[in-house]
Amino acid sequence: ETGVTQSPTHLIKTRGQQVTLRCSSQSGHNTVSWYQQALGQGPQFIFQYYREEENGRGNFPPRFSGLQFPNYSSELNVNALELDDSALYLCASSSGLAGKETQYFGPGTRLLVL
Amino acid sequence: AQSVSQHNHHVILSEAASLELGCNYSYGGTVNLFWYVQYPGQHLQLLLKYFSGDPLVKGIKGFEAEFIKSKFSFNLRKPSVQWSDTAEYFCAVSPSGNTGKLIFGQGTTLQVKP
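As you go down the protein sequences, you meet chains A and B in turn. In this text, residue positions in the first sequence follow this note's numbering: the first is 1, and each later residue adds one. In this text, residue positions in the second sequence follow this note's numbering: the first is 115, and each later residue adds one.
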């Protein structure tokens, strides 16, 4: 148990739709990172938020966007869904950016795009 | 390009056998190194980490890893595996100043037979 929760656990969408995934971090964790894990692959870094501002992005298009809120929750939004967006989406939170924080992962949201 | 390569995709061992999982990385700059583990039905969790200093690091559950800078490697070892070690293992790197921007390998599935 990491204290990081994600909702929903599973989701089915059709191509072209939009989706919002949610993550709730531990109190005091002002840094959240989002990852996409395709089947049989390791997680891929999407972006990171620190104190409600984006703090770096991986190789993902702008239709992947995020928000972080003062209550230690965050969202990942994906517009114009494509079949290849089908994956497990993980969030990970930590207590800052000093460089040695342990990342606490949530259980993930499994998204299927048909 | 930044990348992490894990040598073995699927490893099957008998209980009490020794384990070594290979990991090599390509990254420009100083890095932090990690091994994460995902037990069936559980969250991704940190097994061990290297930031600096002694290149031999010890983690939870009897695991250890050795950082060899000249070989860009960070191999995971355990002298005697147990059935409960059955899991997916991920090697990861991050820039030295931010543990939340992880680059993962593709993972190794370890199956330990009782």
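Ideal placement from N, C-alpha and C gives every residue a C-beta, glycine not left out. These numbers were taken from a predicted model, which means no experiment stands behind them.
Around the beta-carbon of F45/A, 16 or more other beta-carbon atoms lie within 10 Å, marking it buried. In the structure shown, G56/A adopts extended strand secondary structure according to DSSP, grouped into three states. Within chain B, the residues placing a beta-carbon under 7 Å from that of G42/A are F204, F218, G219, Q220, G221, ordered along the chain. Counting C-beta pairs with one atom in each stretch, the region 129–142 of chain B and the region 63–81 of chain A have fewer than three that are closer than 8 Å, which means they do not touch.
For the region 101–112 of chain A, the residues whose beta carbon sits under 7 Å from a beta carbon of chain B are, in order, E101, T102, Q103, F105, G106, P107. Taking each of S33/A, G3/A, R110/A, V4/A in turn and checking the Cα distance to E52/A, the smallest one comes out for S33/A.
Around the Cβ of Y153/B, a 10 Å sphere holds fewer than 16 other Cβ atoms; the residue is exposed. Against chain A, the CB of K172/B has no partner CB under 8 Å away; the residue lies outside that interface. Sequence-distant partners of F218/B (beyond 5 residues in either direction) whose C-beta falls short of 8 Å from its own C-beta, in its chain, are V118, Y150, F204, C205, A206.
Within a 10 Å sphere around the beta-carbon of G214/B sit 16 or more other beta-carbons, which makes this residue buried.
Taking CB atoms only, S95/A has no neighbour in chain B less than 8 Å away.
For the pair of segments examined, the region 14–33 of chain A was found to touch the region 80–94 of chain A: the number of CB pairs separated by less than 8 Å reaches three. The alpha-carbon separation between K183/B and P209/B amounts to approximately 15 Å. For G99/A, there is no enclosing beta strand (DSSP E), as DSSP gives it neither H nor E. Excluding residues up to 5 positions away in sequence, V195 lie with their Cβ nearer than 7 Å to the Cβ of A131/B in the same chain.
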